[in-house]
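Number of protein chains: 2
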Amino acid sequence: MRGVRSRQFVCAVFVVLSLVCAQAQTDPLPSWNDTSTKKAIVAFVEKVTKEGSSNFVPVDQRIATFDNDGTLWVEQPMYTQLAFTMDRVKQLAPKHPAWKTTQPFKGALEGDMKAVEATGEKGLVQLMAAIHAGMTTDQFQTIVTDWIATAKHPRFKRPYTHCVYQPMLELLAYLRANGFKTYIVSGGGIEFMRPWTERVYGVPPEQVVGSSIKTKYEMVDGKPVLMRLPEINFIDDNDGKPIGINQYIGSRPIAAFGNSDGDQQMLEWTAAGDGARFMLLVHHTDAEREYAYDRQSKFGKLDTALDEANAKGWTVVDMKNDWKVIFPPE
Amino acid sequence: MRGVRSRQFVCAVFVVLSLVCAQAQTDPLPSWNDTSTKKAIVAFVEKVTKEGSSNFVPVDQRIATFDNDGTLWVEQPMYTQLAFTMDRVKQLAPKHPAWKTTQPFKGALEGDMKAVEATGEKGLVQLMAAIHAGMTTDQFQTIVTDWIATAKHPRFKRPYTHCVYQPMLELLAYLRANGFKTYIVSGGGIEFMRPWTERVYGVPPEQVVGSSIKTKYEMVDGKPVLMRLPEINFIDDNDGKPIGINQYIGSRPIAAFGNSDGDQQMLEWTAAGDGARFMLLVHHTDAEREYAYDRQSKFGKLDTALDEANAKGWTVVDMKNDWKVIFPPE
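Chains as they are written, first to last, in our numbering: chain A, 8 to 337; chain B, 8 to 337.
Here you go:
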């Protein structure tokens, strides 16, 4: 009898623990307010993961793509990669005395963004060439890793990798827990993101799609290296997003998450597939806790994509009302 | 007592079954003869998967890259994608009466490969443009899927997807069972491979790296499509292999498998990383069961890579002596 009782006791404990666990697991998105946005996300995930349902999607087709700047982390007052570029100009300036008197470097050194912008595309390519090219891929990885470990956001005074959106981190984890493969599809540099996306977002290097410059295979002291060249290889923005998705992933996403006009074609491409689909835009409406911007913004302009979202019923996050918190706790 | 005896019996059955299973599992590479080649493969896998060992490699870094033509499937008497191109010229000829009298199409229609070759790169680009471009990515996928389902190898009289090497299929599965992520890194067209690599090799579309042409995002009848353009995007061969690996995978492989000079840089790039490494070349030495070719071959030329393999101690498969069978049973 004693044995039976022990077993009953153990079973009872197990049942209680299961209930506790179930309770703890009922809300996979605790930083999202209980609004229609959150309900739409959960309804989609439950629909596509329910076996036997007409909306069921097999695991190997559960592909979700996320823009990065403004969707997963802050993109104001400028793209983080631009802040990196400005910082690197300052770090490298002692070796390049001519930069003190030559645009766009002079502007970068003086923090005069207007002067940098005045140099147009030619100036941006010069900056890109000086800061992003001329070293091996391994060297660039070290440069990015070192910078991102110490640089801080000017307003939030915390590392850029802590200026990521807590609700979106939960969404990434929630999708993965439901069999989704989560990809980043960003206009940002692929080699600027890969060194830290796994640690910060749980997205490994091979699931990061981004813009790139060309590389050249060379032997240096008998060892092969990939030298980064001052030449654009691929711009993963606007039309480039569906092109990049097709090129890198080779399958169409069933869910796509963005925040600007640069994501519009990715969402259209996702929407045009068969079966259940989910398209979401993050609308920055929270000047107090983060930023409020859309149609007129220099970074992350959201204009035609917002019109299309409204016309087609895509889900739009109202950051101020849908998110309980913006950033992870320090 | 009866209950205890039953339990003992069940346990005994379980032990016997475990032993049977263990027996069945002792040889993960049954189509490989017990030569030094097989021993080198097994020794490498055991070394990098043994926790606590100085050679241990964490799962997320267990990346293995495989060439396709001549490494995973037959590449003689011509690359399969070239056979596809010739077949498609014949299928489409009724719509293009001029092809009967114009090279390289005339040669393709008459099976006159010398005439096709005489047109050089210009002719090959014309063929590529006519057969691989001018349709959407979805349409091209359907064309490839239909062709590969019915086309047969001229000598072996079986579908091309059955002209894959059984020992290499076992190797792919063995590596995956040991936590490796297996990639294809081929000079062949990425969109020519992706429709069938998962079914045939267990390699999903996102783990296929290959050559590509450019695509254009367009709206057709209000639906977005990716149109295939007659313009090279990327050639994933020779230097292109490490470049493609860096671009698509973003991490360096610890094991690489090839069979020709086109794979040499991929193997060099793999060898140059830190820690345990494995580089293997398939040497086609079996004219009876498959083909024998190396330094003089038009397809899959193996010359400088063989010298480098010998000089650096890379593993070289002697197909005739290392492989018990070549193809899977029909």
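Beta carbons are placed, not taken as given, at the ideal position from N, Cα and C, and that holds for glycine.
Where does residue i sit, in a helix, a strand or coil, going by DSSP?
i: residue 96 of chain B; result: helix
i: residue 174 of chain B; result: helix
i: residue 189 of chain B; result: strand
i: residue 196 of chain A; result: strand
i: residue 279 of chain B; result: coil
i: residue 28 of chain B; result: Interpretation of residue 28 of chain B is limited by its pLDDT of 48, a score under 50 that renders its predicted location unreliable; the figure taken from the coordinates is listed afterwards. Residue state, collapsed to three classes: helix.
i: residue 76 of chain A; result: strand
i: residue 217 of chain B; result: strand
i: residue 163 of chain B; result: coil
i: residue 62 of chain B; result: coil
Which two residues bound the contiguous beta strand (DSSP E) that contains residue i?
i: residue 288 of chain B; result: 285-292
i: residue 318 of chain A; result: That residue, residue 318 of chain A, is in no beta strand (DSSP E); its alpha helix (DSSP H) goes 311-319.
i: residue 140 of chain B; result: No beta strand (DSSP E) contains residue 140 of chain B, which DSSP labels as neither H nor E.
Over what stretch of residues does the alpha helix (DSSP H) that includes residue i continue unbroken?
i: residue 323 of chain A; result: No alpha helix (DSSP H) contains residue 323 of chain A, which is instead part of the beta strand (DSSP E) from 322-325.
i: residue 206 of chain A; result: 204-208
i: residue 251 of chain B; result: 247-251
i: residue 120 of chain A; result: 120-125
i: residue 117 of chain A; result: 112-117
Measuring CA to CA, which of the options is closest to residue i?
i: residue 68 of chain B; options: B:210, B:298, B:281, B:181; result: B:281
i: residue 90 of chain A; options: A:139, A:241, A:253; result: A:139
i: residue 313 of chain B; options: B:87, B:158, B:204, B:287; result: B:287
i: residue 209 of chain B; options: B:47, B:79, B:315, B:61; result: B:79
i: residue 334 of chain A; options: A:167, A:99, A:230; result: A:167
i: residue 311 of chain B; options: B:187, B:266, B:297; result: B:266
i: residue 81 of chain A; options: A:66, A:160, A:148; result: A:160
i: residue 34 of chain B; options: B:181, B:317, B:291, B:332; result: B:181
i: residue 320 of chain B; options: B:37, B:47, B:42, B:40; result: B:47
i: residue 75 of chain A; options: A:253, A:233, A:307; result: A:307
i: residue 295 of chain A; options: A:113, A:162, A:135; result: A:162
i: residue 215 of chain A; options: A:331, A:248, A:44; result: A:248
i: residue 206 of chain A; options: A:218, A:278, A:169, A:197; result: A:169
i: residue 144 of chain A; options: A:302, A:269, A:233, A:252; result: A:233
i: residue 172 of chain A; options: A:37, A:183, A:253, A:239; result: A:37
i: residue 194 of chain B; options: B:154, B:226, B:236, B:72; result: B:72
i: residue 191 of chain B; options: B:53, B:213, B:185, B:148; result: B:213
i: residue 87 of chain B; options: B:231, B:165, B:183, B:211; result: B:165
i: residue 348 of chain B; options: B:221, B:105, B:202; result: Any answer about residue 348 of chain B is impossible in this case: the structure gives chain B only from 8 up to 337.
i: residue 328 of chain A; options: A:290, A:261, A:284; result: A:290
i: residue 94 of chain B; options: B:118, B:62, B:278; result: B:118
i: residue 102 of chain B; options: B:137, B:127, B:70, B:124; result: B:137
What does residue i pair with, by DSSP beta-bridge criteria?
i: residue 157 of chain B; result: According to DSSP, residue 157 of chain B bridges with nothing at all.
i: residue 225 of chain A; result: A:232
i: residue 300 of chain B; result: B:291
i: residue 265 of chain B; result: B:288
i: residue 43 of chain B; result: Note: residue 43 of chain B sits in no beta bridge, so no partner.
i: residue 70 of chain A; result: A:188
i: residue 239 of chain B; result: B:220
i: residue 106 of chain B; result: None, per the DSSP bridge assignment.
Could you tell me whether any non-hydrogen atom of the ligand SAM is closer than 8 Å to the CB of residue i?
i: residue 220 of chain A; result: The ligand SAM is not part of this structure, which contains no ligands at all.
| request: Quick one: which residues of the region 189-208 of chain B get their C-beta closer than 9 Å to a C-beta of chain A? List them in chain order. | output: 190, 197, 198, 201, 205
| task | Name, going along the chain, the residues of the region 214-225 of chain A whose beta-carbon falls closer than 7 Å to a beta-carbon of chain B. | result | 215, 219, 222, 224
| said: Along the region 230-258 of chain B, where does the CB come closer than 7 Å to a CB of chain A? Name the residues. | reply: 230, 231, 233, 246, 249, 250, 253, 254, 255, 256, 257, 258
| query | Between the region 271-293 of chain B and chain A, which residues of the former have a C-beta closer than 8 Å to a C-beta of the latter? | reply | 272, 275, 276, 279
| task | Check distances from the C-beta atoms of the region 66-78 of chain B to those of chain A and list, in chain order, the residues that come in under 9 Å. | result | 67, 70
| query | Relative to chain B, which residues along the region 130-162 of chain A have a C-beta separation below 8 Å, given in chain order? | reply | 144
| message | Along the region 79-112 of chain A, where does the CB come closer than 8 Å to a CB of chain B? Name the residues. | response | none
| message | Residues of the region 259-270 of chain A in Cβ contact with chain B at a cutoff of 8 Å, in chain order, please. | response | none
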